[in-house]
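Asker: There's a structure below that I have some questions on.
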Amino acid sequence: MMKNLLALSLAFVFSFVSKAQDTTELEHKIHEFGREMEDSLYALNSDFMKDHMDLSRFVDTVMHQFEEKLVEDIELPLSMMKGMLVTSLSNDFTIANEIVGTIDAGGDYRYIHYFQKGGTYYLVYRLSNIESAFAYHLLPLDVSDEEDIQIYNIYTSMTGENISETMADAMAANMIQRQGSAQMRAEVAKLKEAQTLAVFDPKAAVQMLNEIEGPIRSTSFYSTIAKEIQRIAHPEEIHEEQLAIIESGGPISLHQAQIGLAYWAELGDTLNTKILGDTIRTWVGKDPYLLLYEGVASEAAGDFNKAIPLFQECIEKTNVDPFPIRYMLSVVYIEKGEPKNACTEFGKILLDYCLWPEDLVEIYEDYPDFVKSDAYATWEEKFLRTHYPDYFEK
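According to mature numbering (1 follows the signal peptide of the UniProt record, and there is no 0), the sequence shown holds residues -20 to -1, 1 to 374 in order.
Shown next as C-alpha cells:
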C-alpha cells in the first residue's frame, strides 16, 4: 500500500514538473516571438507582424462589431465585404505600416514583456515618439500552435479600444454615409465636423455635438467621438472622475491611467502620478519609462533633488530615445542653479542630434539668464569649436 502511494505521489510530482517545463518552454517562445517582431519592425519591415496576424479571426471580430454598430436596416453584402477586407489587410496592414512609419521618424516601438490573464497570453509594447508622447499596445496571442504563434487584435491604451473596434467604427460611419438615410448621413457629417472643430474651438464643437439629436447618438462611434470632444473641451471633468475613483479605491483601467498620467504629472501631483504609474505597471510590468512622469511631477512640485535621479534612472534603464528626458534633466539643473550640469546634458543632446545651440529656442526664451551665464558661453564656444570649426573665421 505504501509503495502504491509513493508511486502515485512520484507520478504526480513528475507530471507537475513536466507541465512546468512545458509552460516555461512556451513562455520562452512567446518572449522570443515578441523580440523577433520588435527586431523586424526596427528593420522597417512590417511583414512579420502582418504574417503573424490571424486575419480571419481579426476580420470576423471586425465584422461582428461592425454589424452591432449599425442602427438602421441597411442591406449589406457581408460575405463580399469580409472577403474584400481580408484582401485589403493582406496587402496593406495599416497598423504595422504606421508603427514602421513612427520608427522611421525617430520614434520607438519597444517590446516590454508578456503576461497571462484569463488564460490568454499578451505581449506588451510601448509606442513613443521624440516628443515623449506614448501609448502601450497589448497584443493577445493564439498559442494553440506553438510553432506558429498568432496575434488576433491590438489594444491601444491611449484610446481604450482594440483596433478592431476602431476599424468597425470607421466602416460603420462610411456605410451610413453611403447607404444610410438622409438624416443619418447628415448627422455623421456634422459629427465629423465637430470632431475637426474641437481642435480649434472646443466649446463650439460641444455645442455642435449637442445639436445632434437623431439616431446617430445611439451608435458607439458617436459615443467615442463625443468622449474625445468632451475630453478636449473639459479636461478637468475627466480628471475629477479619475480623482474620485482614486480616492474611493476603485479599479482604474489602463486607459484611464494612461490619459491621466501626464495631467497629474504636469500639475506636480506626485501622489496621484505615482498611483497611476503603479496602475500602469500592473499591466505593463516595471517599465522604467514611467519614471519620466514621476520626474516631471517632482520637477513641477519644485522637488529638484528627487526629480534629477528619476530622470537619470529613466535614461540609464529604458531603451527609449533620451532626447526629451535629457532636455527635462537640463531644465531641472537650470532651475536648481547648476548651469555646468545643465550644459553637460545639453552637450549630449546637441552631439547626438547634430543640432546647433540656437535650435533650443525654448531655453533662450524661458531661461535668458542661463543663456547669458559664463558657464553657457564657455560651453557654447567649446562645443562649436569642437564640432563646427568652420563656424569661426580662421
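Ideal Cβ positions, reconstructed from N, Cα and C, are used throughout, including at glycine.
Could you round the C-beta distance between residue 80 and residue 21 to whole angstroms and report it? I think they count as a contact, below 8 Å.
Answerer: 6 Å
Asker: Report the rounded CA-to-CA distance for residue 368 versus residue 329, giving the unit in angstroms.
Answerer: Distance from the CA atom of residue 368 to the CA atom of residue 329, rounded to whole angstroms, is 15 Å.
Asker: Identify the residues that DSSP records as bridge partners of residue 97: which are they?
Answerer: Beta-bridge partners assigned by DSSP to residue 97: 100.
Asker: Taking just the CA atoms, how far does residue 293 sit from residue 271?
Answerer: Roughly 8 Å between the two C-alpha positions.
Asker: Return the chain-ordered list of same chain residues with a C-beta closer than 6 Å to the C-beta of residue 85, the five sequence neighbours on each side being excluded.
Answerer: Excluding five sequence positions before and after residue 85, none of the CB atoms of its chain fall closer than 6 Å to its own CB.
Asker: Can you tell me whether residue 267 is buried or exposed? The criterion is at least 16 other CB atoms within 10 Å of its CB, across all chains shown.
Answerer: By the Cβ neighbour-count rule, residue 267 is buried, with 16 or more other Cβ atoms within 10 Å of its own.
Asker: Does the Cβ-Cβ distance between residue 375 and residue 174 come in under 8 Å?
Answerer: Beyond the ends of the chain as shown, which are -20 and 374, falls residue 375; an answer cannot be given.
Asker: Going by Cα to Cα distance, which pick from 114, 177, 212 is closest to residue 138?
Answerer: 114
Asker: What ranges does the alpha helix (DSSP H) occupy inside the region 209 to 239, keeping only unbroken runs of at least 4 residues that lie completely in it?
Answerer: Runs found: 215 to 228.
Asker: From the DSSP output, read off the bridge partner residues of residue 108.
Answerer: 88, 114
Asker: Find the nearest neighbour of residue 312 within the set 44, 296, 350, 134, judged by alpha-carbon distance.
Answerer: 350
Asker: Starting from the Cα of residue 167, find the closest Cα among 192, 141, 203, 344 and give me that residue.
Answerer: 192
Asker: Take residue 24 as the anchor and find which of 83, 213, 67, 4 has the nearest alpha-carbon.
Answerer: Among 83, 213, 67, 4, the Cα nearest to that of residue 24 belongs to 83.
Asker: Between which residues of its own chain and residue 358 is the CB-CB distance below 6 Å, once the five residues before and five after are set aside?
Answerer: none
Asker: At which residue ranges does the region 132 to 174 contain complete alpha helix (DSSP H) runs of 4 or more residues, listed in the order of the chain?
Answerer: If only uninterrupted alpha helix (DSSP H) runs of at least 4 residues are considered, those enclosed by the region 132 to 174 are 143 to 159.
Asker: Going by Cα to Cα distance, which pick from 322, 317, 136 is closest to residue 237?
Answerer: Nearest option by C-alpha distance: 136.
Asker: Are residue 287 and residue 320 closer than 8 Å when you measure CB to CB?
Answerer: Using a Cβ distance threshold of 8 Å, residue 287 and residue 320 do not count as a contacting pair.
Asker: Between the region 144 to 155 and the region 178 to 185, are three or more C-beta pairs nearer than 8 Å?
Answerer: no
Asker: List the whole-angstrom C-beta distance separating residue 117 from residue 107, where the pair is believed to meet the contact cut-off of C-beta under 8 Å.
Answerer: 6 Å
Asker: Using the three-state DSSP reduction, which class does residue 369 fall into: helix, strand or coil?
Answerer: The answer is helix: DSSP assigns residue 369 an H, G or I state.
Asker: Quick one: what's residue 45 bridged to in DSSP?
Answerer: Under DSSP, residue 45 shares a beta bridge with no residue.
Asker: Taking C-beta to C-beta, are residue 87 and residue 109 nearer than 8 Å?
Answerer: yes
Asker: Using CA atoms only, rank isn't needed, just tell me which of 206, 143, 45, 162 is closest to residue 172.
Answerer: 206
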